[in-house]
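Participant: Residue numbers (the working numbering), protein chains in the order written: chain A, 1 to 134; chain B, 135 to 268; chain C, 269 to 402; chain D, 403 to 536.
Positions of the beta carbon are idealized from the N, C-alpha and C atoms, including for glycine.
4 protein chains.
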Amino acid sequence: MSYARQLLDTYPRTYRVDEDMLAGVIDALTDCAQACTADVSADLSEPGLAEMVLCIRLCLDCADICATSAAVISRQAPYDPGVVRPLLEACAASCRSCGDECEQHAAHHAHCRVCAEACRRCERACWDLLGALA
Amino acid sequence: MSYARQLLDTYPRTYRVDEDMLAGVIDALTDCAQACTADVSADLSEPGLAEMVLCIRLCLDCADICATSAAVISRQAPYDPGVVRPLLEACAASCRSCGDECEQHAAHHAHCRVCAEACRRCERACWDLLGALA
Amino acid sequence: MSYARQLLDTYPRTYRVDEDMLAGVIDALTDCAQACTADVSADLSEPGLAEMVLCIRLCLDCADICATSAAVISRQAPYDPGVVRPLLEACAASCRSCGDECEQHAAHHAHCRVCAEACRRCERACWDLLGALA
Amino acid sequence: MSYARQLLDTYPRTYRVDEDMLAGVIDALTDCAQACTADVSADLSEPGLAEMVLCIRLCLDCADICATSAAVISRQAPYDPGVVRPLLEACAASCRSCGDECEQHAAHHAHCRVCAEACRRCERACWDLLGALA
Chain A
1 MSYARQLLDT YPRTYRVDED MLAGVIDALT DCAQACTADV SADLSEPGLA EMVLCIRLCL
61 DCADICATSA AVISRQAPYD PGVVRPLLEA CAASCRSCGD ECEQHAAHHA HCRVCAEACR
121 RCERACWDLL GALA
Chain B
135 MSYARQLLDT YPRTYRVDED MLAGVIDALT DCAQACTADV SADLSEPGLA EMVLCIRLCL
195 DCADICATSA AVISRQAPYD PGVVRPLLEA CAASCRSCGD ECEQHAAHHA HCRVCAEACR
255 RCERACWDLL GALA
Chain C
269 MSYARQLLDT YPRTYRVDED MLAGVIDALT DCAQACTADV SADLSEPGLA EMVLCIRLCL
329 DCADICATSA AVISRQAPYD PGVVRPLLEA CAASCRSCGD ECEQHAAHHA HCRVCAEACR
389 RCERACWDLL GALA
Chain D
403 MSYARQLLDT YPRTYRVDED MLAGVIDALT DCAQACTADV SADLSEPGLA EMVLCIRLCL
463 DCADICATSA AVISRQAPYD PGVVRPLLEA CAASCRSCGD ECEQHAAHHA HCRVCAEACR
523 RCERACWDLL GALA
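This is the structure in structure tokens:
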């Protein structure tokens, strides 16, 4: 069981959603941030670097947005749809763009295949949470 | 002249907005993140700590969202309204909530007065950029 | 298999250490950052808040230092002992202080028990990597 | 007057150093993180990208280490030399490497010249604080 899941049981939550789902979203966000950070470094090691520039840029943004979203959702400040909804929408859109770009390179670069998978899973997790919070 | 402003002249930009405004937004975001981080610590030093809990929570979220927004806007990945617009909306909403709460304590705590000012300036900067990007 | 572990196989590494160990350190750092962030929020929900202030401060610092250490180690810039060694030493020391403080509260607060465990595991991982890099 | 400086007057500090110096260090760290983040993006726009890879890697690490150092120093948890000293040493070493590499490109790339300057200033600030904390 992830630390995110273990900890969610130990303090009052302000989002009225299932805690297994919430922990799954936090884990997907943290994993995606980690995958994007590693993928940037892997992209920088490729001989055909010029073709990886867009992927690097999108991974850098996606890593930051996922990490911040994970922190905000873990913290459980009083639920404010004006903050949380657009943040999750930005996160889903960033995962979408980054996942699409990584997929272009997936056949040639294993790191992009793994990162695309992390982005897809995280995008779904953001939309699931947005649906549940509605 | 801030580093943000100096650097914006040195590389291609993908947002079609005035560079003085863009640098001003980056500086406002960075300043607000810094003010919120310091305000958390100041709040934790107050004797009437129980009254400061909401302020601490909102400052923690605001600091993260501002820092990520500053990074995304500095990086200038190809402009994607699906990412940048909701991110700036989340940031403006977070600055609004945090600024409102800090203002409640401004008469008694100088740190909250300073932080409220940073939040107000940053909220305006986000809306200005959202308007210019429209 | 964690994304950190999957990705380490896909790009050149500059640290001459076993990749299972390296992935384990990255996962321990990421988990500890997540646990500390959640523990701050849980601490802020406790009735005896005044007793939790030190725990909150140490968790905030530990979360940041662990997240940065995870990013630096994932990126694998050319190994520079002048940067990586003191960073891991700072991280181990931060995990130690935070873990010690969390342990003081572990009997009463499940969140501190979980966080202490994450800090202990992360501290060991930092020392293991420091030993292997020697 | 920077927000860092304004806020330092408003809460108890645990580092026994001059507050103007402390605020100057926080500002130098925040500025350097910002300059490094922007320099990564500028490097990625250069035609001779292959020559900029090391610069990008060093800037990414330097940005993270500076941002975390700024947060830790702003927060003023009880001063723990086991955490703060190696963190500042890692930060100074990172600024040194990043500044050296940026300087190699300063004649051709204005963004690297600006970033080198930010790194030099930040490296000095870290050593000054380490001296004052001794």
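Taking Cβ positions only, does R191/B come closer than 8 Å to chain C?
Facilitator: For R191/B, the answer is yes, since a Cβ of chain C falls inside 8 Å of its Cβ.
Participant: Determine the direct distance from the alpha carbon of A378/C to that of V206/B, and round the result to whole angstroms.
Facilitator: Looking at the two C-alpha atoms, the distance is approximately 37 Å.
Participant: Rounding to the nearest angstrom, what Cα-Cα distance links E369/C and L322/C in this structure?
Facilitator: Approximately 8 Å between the Cα atoms of the pair.
Participant: Identify the continuous alpha helix (DSSP H) that holds P220/B and give its terminal residues.
Facilitator: Per DSSP, P220/B belongs to the alpha helix (DSSP H) from 215-239.
Participant: Should A35/A and L275/C be called a contact, given that it needs their Cβ atoms to be closer than 8 Å?
Facilitator: Closer than 8 Å, so yes.
Participant: Along chain A, in chain order, which residues have C-beta atoms closer than 8 Å to that of A452/D?
Facilitator: Correct list: L49.
Participant: Going straight from the alpha carbon of D307/C to that of L326/C, what length do you get?
Facilitator: So the alpha carbons of these two residues sit roughly 10 Å apart.
Participant: Does the beta-carbon distance from S365/C to D482/D come in below 8 Å?
Facilitator: Closer than 8 Å, so yes.
Participant: What does Q104/A reach in chain C if we use C-beta pairs closer than 7 Å?
Facilitator: None at all; the shortest Cβ gap to chain C is about 16 Å.
Participant: Scan the stretch 83-100 of chain A for residues whose Cβ lies nearer than 7 Å to a Cβ of chain B and list them as they occur along the chain.
Facilitator: Under the 7 Å Cβ criterion, the stretch 83-100 of chain A contributes V83, P86, L87, E89, A90, A93, S94, S97.
Participant: List the residues of chain B that L8/A touches, going by C-beta distances under 8 Å, in chain order.
Facilitator: Within chain B, no residue comes near L8/A; the closest Cβ sits about 16 Å away, beyond 8 Å.
Participant: Once the 5 residues before and after E314/C are set aside, which same chain residues still bring their CB inside 6 Å of it?
Facilitator: Same-chain partners within the cutoff: M320.
Participant: Using beta-carbon positions only, say whether D61/A and A211/B come within less than 8 Å of one another.
Facilitator: Taking 8 Å as the Cβ cut-off, D61/A and A211/B qualify as a contacting pair.
Participant: Comparing the C-beta of V427/D with each C-beta of chain C, is any distance below 8 Å?
Facilitator: By this cut-off, V427/D is not an interface position.
Participant: For the alpha helix (DSSP H) that S404/D lies in, which residues bound it at each end?
Facilitator: It is not in any alpha helix (DSSP H) - S404/D carries neither H nor E in the DSSP assignment.
Participant: So, for D128/A: in the same chain, excluding its five sequence neighbours on each side, which residues have a beta-carbon less than 6 Å away from its beta-carbon?
Facilitator: Excluding sequence neighbours, D128/A sits near nothing in its chain.
Participant: How would you list, in chain order, the residues of chain C whose beta-carbon sits under 8 Å from the beta-carbon of V392/D?
Facilitator: The structure shown does not extend to residue 392/D, since chain D is modelled only from 403 to 536, so the question has no answer here.
Participant: Which stretch, first to last residue, makes up the alpha helix (DSSP H) that contains R477/D?
Facilitator: Start and end: 455-477.
Participant: Excluding the 5 residues preceding and the 5 following L264/B in the sequence, name in chain order all residues of the same chain whose CB lies nearer than 6 Å to its CB.
Facilitator: Only L222 meet the Cβ criterion.
Participant: Does the beta carbon of A226/B fall short of 7 Å from some heavy atom of the ligand COA?
Facilitator: With respect to the ligand COA, the structure offers nothing, as it holds no ligand at all.
Participant: Measuring alpha carbon to alpha carbon, tell me which of D27/A, Y3/A, S74/A ends up nearest P12/A.
Facilitator: Nearest option by C-alpha distance: S74/A.
Participant: Just to confirm my understanding: we take C200/B, look at its own chain, exclude 5 residues before and 5 after, and list those with CB closer than 8 Å. What are they?
Facilitator: Taken in chain order, the residues that qualify are L163, T164, C166, A167, C170, C225, S228, C229, C256.
Participant: By the DSSP assignment, the alpha helix (DSSP H) with H379/C in it spans what residues?
Facilitator: Start and end: 378-401.
Participant: Could you check the C-alpha separation between A374/C and A384/C for me, to the nearest Å?
Facilitator: Straight-line Cα distance between these residues: approximately 8 Å.
Participant: Between the beta-carbon of L451/D and the beta-carbon of A50/A, is there less than 8 Å?
Facilitator: It is a contact, given that the beta carbons lie within the stated cut-off.
Participant: In three-state DSSP terms, what is S309/C?
Facilitator: In this structure, S309/C counts as helix in the three-state DSSP scheme.
Participant: Going by alpha carbons, who is nearest to V218/B out of A266/B, E237/B, T144/B, Q238/B?
Facilitator: Checked all of A266/B, E237/B, T144/B, Q238/B; the closest Cα to V218/B is A266/B.
Participant: What number of angstroms, rounded off, separates the C-alpha of R5/A from the C-alpha of V427/D?
Facilitator: Their backbone Cα atoms lie some 38 Å apart in a straight line.
Participant: Quick one: what does DSSP say T147/A is sitting in, helix, strand or coil?
Facilitator: Outside the shown range of chain A (1 to 134) lies residue 147/A, about which nothing can therefore be said.
Participant: So A77/A contacts chain B; which residues on that side make the cut at Cβ distance below 7 Å?
Facilitator: Within chain B, the residues near A77/A are R191, L192, D195.
Participant: Give a yes or no on whether the C-beta atoms belonging to R254/B and G233/B are separated by under 8 Å.
Facilitator: Yes; because the gap between Cβ atoms is below 8 Å, this pair is in contact.
Participant: Report yes if the CB atom of E153/B is closer than 8 Å to the CB atom of D161/B, and no otherwise.
Facilitator: No, Cβ-Cβ distance for E153/B and D161/B is not below 8 Å.
Participant: Quick one, which residues of the stretch 427-441 of chain D are near chain B if we go by CB-CB under 9 Å, in chain order?
Facilitator: Per Cβ criterion, the list reads I428, D429, T432, D433, C434, A435, Q436, A437, T439, A440, D441.
Participant: By how many angstroms is the C-alpha of Y15/A removed from the C-alpha of A23/A?
Facilitator: Whole-angstrom Cα-Cα distance: 12 Å.
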